[in-house]
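Numbering (my numbering), first residue to last: 100 to 201.
Glycine included, every Cβ here is placed at the ideal spot set by N, Cα and C.
Since the model is a prediction, treat every value here as computed from it, not as a measurement.
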């Protein structure tokens, strides 16, 4: 949501696309997203794999002072080395399937 950075990147790509059109579309989509409840924003606009790899894995590694891959953490959840909250199990099963760990 760093609009100045987005504008700079789009201007760099100017020879390949029309930056203002893309930025206008971005504003339209952002407006739609901001009208949704937070859980709907997350469900519709956050890429689960990237979020898990970039946020969850980093948080676990930092919190537990370890350095493991996303595959390790997913497998740990599935093998019950780490017991996640029950409401997260369906999500972890789905993420695991998406990473072909099932």
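Residue i in three-state terms, based on DSSP
i	result
residue 102	helix
residue 128	helix
residue 136	coil
residue 193	helix
residue 159	helix
residue 112	coil
residue 175	helix
Proximal residues to residue i (C-beta, below 8 Å), its chain only, five neighbours per side dropped
i	result
residue 125	105
residue 118	106, 109, 110 and 112
residue 165	159
Spatial neighbours of residue i in its chain, beta-carbon cut-off 6 Å, leaving aside the 5 residues before and after
i	result
residue 172	156 and 159
Same chain, Cβ closer than 7 Å to residue i, neighbours up to 5 away in sequence not counted
i	result
residue 186	none
residue 167	160
Rounded C-alpha distance that separates residue i from residue j
i	j	result
residue 132	residue 103	19 Å
residue 175	residue 183	10 Å
residue 130	residue 101	15 Å
CB of residue i within 8 Å of CB of residue j, strictly
i	j	result
residue 151	residue 169	yes
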